[in-house]
Amino acid sequence: MNHPYEQLADLVDGTLDEGDLAGVQTHLSTCASCREDVAHGTVGREAARSLPQSPAPADLHHRVVTAAGGRANGVPGRGVPQWYRWAGVAAAAAVVVAIAIALPNVGGGGKQRAAEDAAASAEVQATEGGARANDDVAFAVEDKNYDEKALQQLVSSSADAASSEQAPLAGARTDPAAVRCVERAVPDEATGRLSRVIQARFQRRAAYIGLYLESPGAGQRPDLVAAWVAARDDCSFLSAAFAKI
Amino acid sequence: MDASDTDEALVRRFQEGSADAFEVLVKRHGTRVYNLCFRILGDPEEAADASQDAFLSALRKLNTFRGDAAFTTWLHRVTVNACYDSLRRKRRRPLLQIVRDEDDERPEPSLPSPDHADEVVFSVDVERALMEVPEEFRVVLVLADVQDLPYDEIARVLEIPVGTVKSRVFRGRAALGRTLGAARGEPSRASRASEEEA
Numbered sequence: 076m077n078h079p080y081e082q083l084a085d086l087v088d089g090t091l092d093e094g095d096l097a098g099v100q101t102h103l104s105t106c107a108s109c110r111e112d113v114a115h116g117t118v119g120r121e122a123a124r125s126l127p128q129s130p131a132p133a134d135l136h137h138r139v140v141t142a143a144g145g146r147a148n149g150v151p152g153r154g155v156p157q158w159y160r161w162a163g164v165a166a167a168a169a170v171v172v173a174i175a176i177a178l179p180n181v182g183g184g185g186k187q188r189a190a191e192d193a194a195a196s197a198e199v200q201a202t203e204g205g206a207r208a209n210d211d212v213a214f215a216v217e218d219k220n221y222d223e224k225a226l227q228q229l230v231s232s233s234a235d236a237a238s239s240e241q242a243p244l245a246g247a248r249t250d251p252a253a254v255r256c257v258e259r260a261v262p263d264e265a266t267g268r269l270s271r272v273i274q275a276r277f278q279r280r281a282a283y284i285g286l287y288l289e290s291p292g293a294g295q296r297p298d299l300v301a302a303w304v305a306a307r308d309d310c311s312f313l314s315a316a317f318a319k320i
Numbered sequence: 054m055d056a057s058d059t060d061e062a063l064v065r066r067f068q069e070g071s072a073d074a075f076e077v078l079v080k081r082h083g084t085r086v087y088n089l090c091f092r093i094l095g096d097p098e099e100a101a102d103a104s105q106d107a108f109l110s111a112l113r114k115l116n117t118f119r120g121d122a123a124f125t126t127w128l129h130r131v132t133v134n135a136c137y138d139s140l141r142r143k144r145r146r147p148l149l150q151i152v153r154d155e156d157d158e159r160p161e162p163s164l165p166s167p168d169h170a171d172e173v174v175f176s177v178d179v180e181r182a183l184m185e186v187p188e189e190f191r192v193v194l195v196l197a198d199v200q201d202l203p204y205d206e207i208a209r210v211l212e213i214p215v216g217t218v219k220s221r222v223f224r225g226r227a228a229l230g231r232t233l234g235a236a237r238g239e240p241s242r243a244s245r246a247s248e249e250e251a
């Protein structure tokens with residue numbers, strides 16, 4: 076038997092449409108389970124609504140600021156909120172990119188020039204030895220279009236895999252161009268080791284997703300997985316997601 | 054920085070490079086975020102940790118906030134994700150660790166004043182019963198009946214249809230009421246059926 080839970084929610088709320096009332100009453104007259112659920116649901120509603128609000132811990136604000144600073148400095152507990160600085164910088168950069176994309180003809184083709192700049196810069200990094208390049212990065216190509224939710228699921232499952240010390244996703248070894256593109260999108264102040272790059276789409280845009288393992292300090296086990304998404308055409312920052320290990 | 058600024062104005066200021074704007078948002082929404090975590094997780098320490106994680110996640114992702122949804126909707130979504138993350142880690146913890154945690158000496162709760170004793174006992178009953186409600190129903194129940202969000206807002210937070218929200222709210226409320234009834238010695242559906250048969 077199908078139970079009309081949506082309408083029963085309205086019944087308990089006292090907002091059931093008159094047009095639905097007869098149908099719901101007919102169902103209740105033959106369904107003991109729903110009659111019991113309505114009785115319990117009425118009690119449950121009142122009980123949940125009776126719960127008092129608990130004040131946030133007095134040190135919550137301090138904890139957030141401290142944790143933000145510690146993460147960026149690689150030293151737990153340091154009080155300088157460096158995350159603020161780079162998060163703000165990344166935000167400002169994202170706004171600039173959005174404007175450049177929205178106005179492609181202003182300034183003689185900004186988007187194309189940005190892509191050329193990105194390529195040129197990548198070349199420079201390559202010839203300089205790519206200070207942050209990592210030969211250990213797994214690379215995989217996925218025919219998948221990620222959105223914010225899928226990105227969050229990706230970091231959560233990666234955190235699960237990291238906690239059980241599973242091997243990273245199988246794939247071809249390092250694609251240096253993809254690694255450099257991801258590294259361009261990640262703010263300089265961000266810490267962590269790039270372990271994997273996925274070539275896919277993000278909100279229908281060709282993208283690289285870089286998965287970083289972040290540690291609270293030097294020599295300590297990673298406690299966070301971060302996914303940074305870079306546009307493949309100009310290596311600009313598109314999004315990020317995080318999950319604790 | 055004006056504390057009367059709207060959330061959206063503060064977000065814009067943060068995106069323009071003002072770190073102080075984020076601090077105002079943390080102070081403004083701290084209690085709401087903490088309560089959501091506390092009612093979903095049921096433990097003050099875990100709730101404080103999850104609240105911190107939620108704000109850090111918000112901080113890191115604020116540059117992707119485009120104002121397509123209200124800031125509070127977005128912050129609720131980030132907070133619920135932090136809670137799911139905490140629940141996922143809890144499930145992963147080895148049994149031994151959980152046993153150790155339960156053996157830890159915890160401070161005795163202070164006794165309520167006589168005037169409020171019944172009220173507090175009932176509140177503790179409800180808190181415990183809420184933890185018996187399955188996660189997917191509990192999250193929606195807390196958003197609806199504790200945080201007092203309208204159903205369409207919850208649908209946007211969780212990115213599910215409004216009909217699914219209502220269905221989960223109803224089933225969550227029924228589960229909560231049933232658990233409270235069982236705790237007070239009311240006969241369960243199964244035991245009542247067997248009594249009727251006899």
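Here the protein sequences come in this chain order: U and X.
Position in the first sequence counted from 1, then plus 75, gives you the numbering used here.
Position in the second sequence counted from 1, then plus 53, gives you the numbering used here.
Beta carbons: idealized from backbone N, C-alpha and C, even for Gly.
| Item | Value |
| --- | --- |
| CB contact below 8 Å: Cys310 of chain U versus chain X | no |
| Exposed unless 16 or more other CB atoms sit within 10 angstroms - verdict on His115 of chain U | buried |
| Residues that Glu17 of chain U contacts on chain X, provided the C-beta gap is smaller than 7 Å | Not covered by the structure: residue 17 of chain U. The range shown for chain U is 76 to 320. |
| Assumed close pair Leu286 of chain U, Ser311 of chain U - CB separation to whole angstroms, cut-off 8 Å | Actually they do not touch by this definition, with Cβ atoms about 19 Å apart. |
| 4 or more residues per run - each alpha helix (DSSP H) lying fully within the region 211–286 of chain U | 223–238, 251–260 |
| Reduced DSSP secondary structure (H/G/I, E/B, other) of Ala197 of chain X | helix |
| Contacts that Leu194 of chain X makes with chain U (C-beta to C-beta distance below 8 Å) | Gly119, Ala123 |
| Contact with chain X by Val139 of chain U, beta-carbon distance below 8 Å | yes |
| Range covered by the alpha helix (DSSP H) that runs through Phe118 of chain X | From DSSP, Phe118 of chain X is part of no alpha helix (DSSP H); its letter is neither H nor E. |
| Under the three-state DSSP convention, the category Val300 of chain U falls into | strand |
| Residues within the region 209–222 of chain U neighbouring chain X, beta-carbon criterion of under 7 Å | none |
| Residue closest to Val179 of chain X, alpha-carbon to alpha-carbon, out of U:Arg124, U:Leu226, U:Arg268 | U:Arg124 |
| Cutoff 8 Å: Leu233 of chain X Cβ touching any chain U Cβ | yes |
| Neighbour flag for Gly230 of chain X against chain U, beta carbons, 8 Å | yes |
| Thr84 of chain X and Ala143 of chain U closer than 8 Å at C-beta | no |
| Neighbourhood of Glu61 of chain X by C-beta, 7 Å cutoff - its chain only, sequence neighbours within 5 removed | Gly120, Phe124 |
| Amino acids of chain X, ordered along the chain, whose beta-carbon sits closer than 7 Å to that of His115 of chain U | Ala227, Gly230, Arg231, Gly234 |
| Beta strand (DSSP E) segment containing Leu313 of chain U, residue limits | 312–319 |
| Asp106 of chain X vs Ala135 of chain X beta-carbon contact at 8 Å | yes |
| 6 Å Cβ shell around Val87 of chain U - same chain, five flanking residues per side excluded | Gly116, Thr117, Arg120 |
| Through-space distance from Pro79 of chain U to Val300 of chain U, alpha-carbon basis | 41 Å |
| Nearest neighbour of His274 of chain U, chosen from U:Leu91, U:Leu288, U:Ala316, U:Asn220 [CA to CA] | Per the sequence shown, residue 274 of chain U should be read as Gln rather than His. Gln274 of chain U has its Cα closest to that of U:Asn220, out of U:Leu91, U:Leu288, U:Ala316, U:Asn220. |
| Beta carbon of Ala182 of chain X nearer than 8 Å to that of Leu233 of chain X | yes |
| Chain B contact residues for Val199 of chain X, given Cβ-Cβ distances below 7 Å | This model lacks chain B altogether; the protein chains it does include are U and X. |
| Proximity test, Cβ basis, 8 Å: Asp121 of chain X and chain U | no |
| Residue environment, Arg296 of chain U, which counts as buried when at least 16 other CB atoms sit within 10 Å | exposed |
| Environment of Glu223 of chain U [buried if 16+ CB atoms lie within 10 Å] | buried |
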